[in-house]
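Peer 1: Take the sequence shown: its position 65, counting from 1, is numbered 88 in our numbering, and each next residue is one higher. For glycine and all other residues, C-beta sits at the position ideal for the given N, C-alpha and C.
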Amino acid sequence: MSELADLQRWMADALQRRRAVEKDPALVERARVELTGNDRVRPEEQLEIYREQFWLRHTSCLLEDFEGLAGVIGQQAWERLVEGYLEAHPPKSFTLRDLGKELPAYVEAQTWLDHHELCVDMARVEWCYVEVFDAADSPPLDPMALASIADPDWPQARLELTPALRLLAVSYPVASLRRELRTANGSAVAIPEREPQKLVVYRAKNRNMFHQVLTDTAFALLSALADGLPLEPACERALTEVPEAESTLEASLGEWFQDWANRGFVAAVRVQ
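Rendered as C-alpha cells:
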C-alpha cells in the first residue's frame with residue numbers, strides 16, 4: 024500500500040470513530056505526525072474538528088432524507104440508530120444522495136426499535152421518495168401515438184412507466200403519517216394503527232412528489248406493467264393475485280389508464 028493510500032485509510036478510519044480523538048492516545052500521537060495544526064489548534068484538535076464535522080454532516084443528511092422515521096422514534100433512538108448505521112455502512116459513494124440506501128434494511132434488523140414494523144415501512148417509503156426525487160425525466164405521453172394504436176394491438180401493448188415512480192406494500196399508513204409529521208411543527212402526532220396499504224410514490228409533472236393509495240388490483244396490475252409484461256398478460260397476472268377482482272378489472276381499466284396517464288405514470292406505449 025502506498026503512503027498516500029495508507030494516510031487516506033487512516034484518516035477515513037479516524038473520522039468515523041465515535042469517541043473524541045483526545046480519548047485515544049495512539050490517535051493523538053499519529054495526528055501529531057500527519058497533521059500540521061496551526062497557531063490556534065493542535066493537530067489532534069484539528070482532527071477532532073474533522074471528525075465532528077463528519078458525524079454532523081452525515082447524520083444531518085440522513086435526518087433530511089428520513090425525517091419521518093426520526094419523528095417516530097425520537098431523538099435518542101435516532102442518534103443510536105444513525106450512529107450504528109454509519110459504522111455498519113460507512114459512505115462509499117461520491118454523493119450524499121446514496122447515504123441512506125441501506126438504511127431500510129438496517130432498520131429491519133434493529134428489532135429494539137419501538138413500533139419496529141412501522142419504522143421499517145417508514146424507512147422504505149422515505150427511501151422511495153429519495154429515489155423518485157432525482158429519477159430520470161420521461162417525455163410526456165404522446166396522445167397522437169396512442170390514437171394510432173389499433174384496437175387488436177392493445178392486448179400486446181407494453182406500457183412503459185416513468186422512472187419517477189415506485190410501488191410498495193406497507194403494513195401501516197406511513198405516507199400519510201410522514202406528511203403529518205412534516206407539518207406538525209413540534210406538536211405530538213399519534214402513531215396509527217396497523218392498516219395495510221398498497222402505495223405508489225411518484226413525481227408529478229410540476230416536480231412535486233406525491234403518494235397515492237391503490238386498490239389491490241390496481242397495484243397488482245401496475246406491478247405487472249412495471250415488470251415489462253404486455254397489457255393482457257399483465258391483467259392475467261393481476262387476476263391470479265387478486266382473483267375476486269375479475270368482475271371489476273375490465274370495467275376499471277379505462278378509468279385507471281386515464282388517471283395514470285394524467286398523473287404521468289405512463290411514459291410510452293409500445294406495440295411490437
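Look up A291 in the DSSP assignment and give the residues it is bridged to.
Peer 2: E183
Peer 1: Tell me, which residues are paired with V223 by DSSP?
Peer 2: L190 and Q235
Peer 1: Any beta-carbon of chain B closer than 8 Å to the one on D250?
Peer 2: Considering every chain present, this structure includes no chain B. It has just one protein chain.
Peer 1: Below 8 Å on the Cβ atoms is my guess for P48 versus R55; work out the distance and round it to an integer in Å.
Peer 2: The Cβ separation is near 11 Å, so there is no contact.
Peer 1: For R293 and P178, I'd like the C-alpha separation in whole angstroms.
Peer 2: Rounded to the nearest angstrom, the two C-alpha atoms are 11 Å apart.
Peer 1: To the nearest whole angstrom, what separates the beta carbons of A146 and A187, a pair I think is in contact under 8 Å?
Peer 2: With 8 Å as the limit, A146 and A187 do not qualify as a contact, their Cβ atoms being about 20 Å apart.
Peer 1: Determine the direct distance from the alpha carbon of D121 to that of P253, and round the result to whole angstroms.
Peer 2: 33 Å
Peer 1: So, for M232: in the same chain, excluding its five sequence neighbours on each side, which residues have a beta-carbon less than 8 Å away from its beta-carbon?
Peer 2: Y152, V155, F156, V224, Y225 and R226
Peer 1: Do R53 and W33 have their beta-carbon atoms positioned less than 8 Å apart in this structure?
Peer 2: Yes, the pair counts as a contact, with Cβ atoms nearer than the cut-off.
Peer 1: Can you give me the start and stop residues for the alpha helix (DSSP H) that N285 sits inside?
Peer 2: E269 to R286
Peer 1: Are the beta-carbon atoms belonging to F288 and T185 less than 8 Å from one another?
Peer 2: yes
Peer 1: Report the start-end ranges of each beta strand (DSSP E) in the stretch 103 to 140 that is 3 residues or longer and not cut off at the edges.
Peer 2: none
Peer 1: Assuming contact is defined by CB atoms lying nearer than 8 Å, are A247 and A261 in contact in what I supplied?
Peer 2: yes
Peer 1: Does the stretch 195 to 204 come within contact of the stretch 86 to 96, defined as at least 3 CB pairs closer than 8 Å?
Peer 2: A contact between stretches requires three or more CB pairs, one per stretch, nearer than 8 Å, and the stretch 195 to 204 meets this requirement with the stretch 86 to 96.
Peer 1: Given a cut-off of 8 Å on the beta-carbon distance, is the pair Q39 and L119 in contact?
Peer 2: Not closer than 8 Å, so no.
Peer 1: What number of angstroms, rounded off, separates the C-alpha of E255 from the C-alpha of L169?
Peer 2: One C-alpha to the other measures close to 17 Å.
Peer 1: Is G107 near W150, with beta carbons less than 8 Å apart?
Peer 2: no
Peer 1: Taking all protein chains shown into account, decide if P196 is buried (16 or more other Cβ within 10 angstroms of its Cβ) or exposed.
Peer 2: buried
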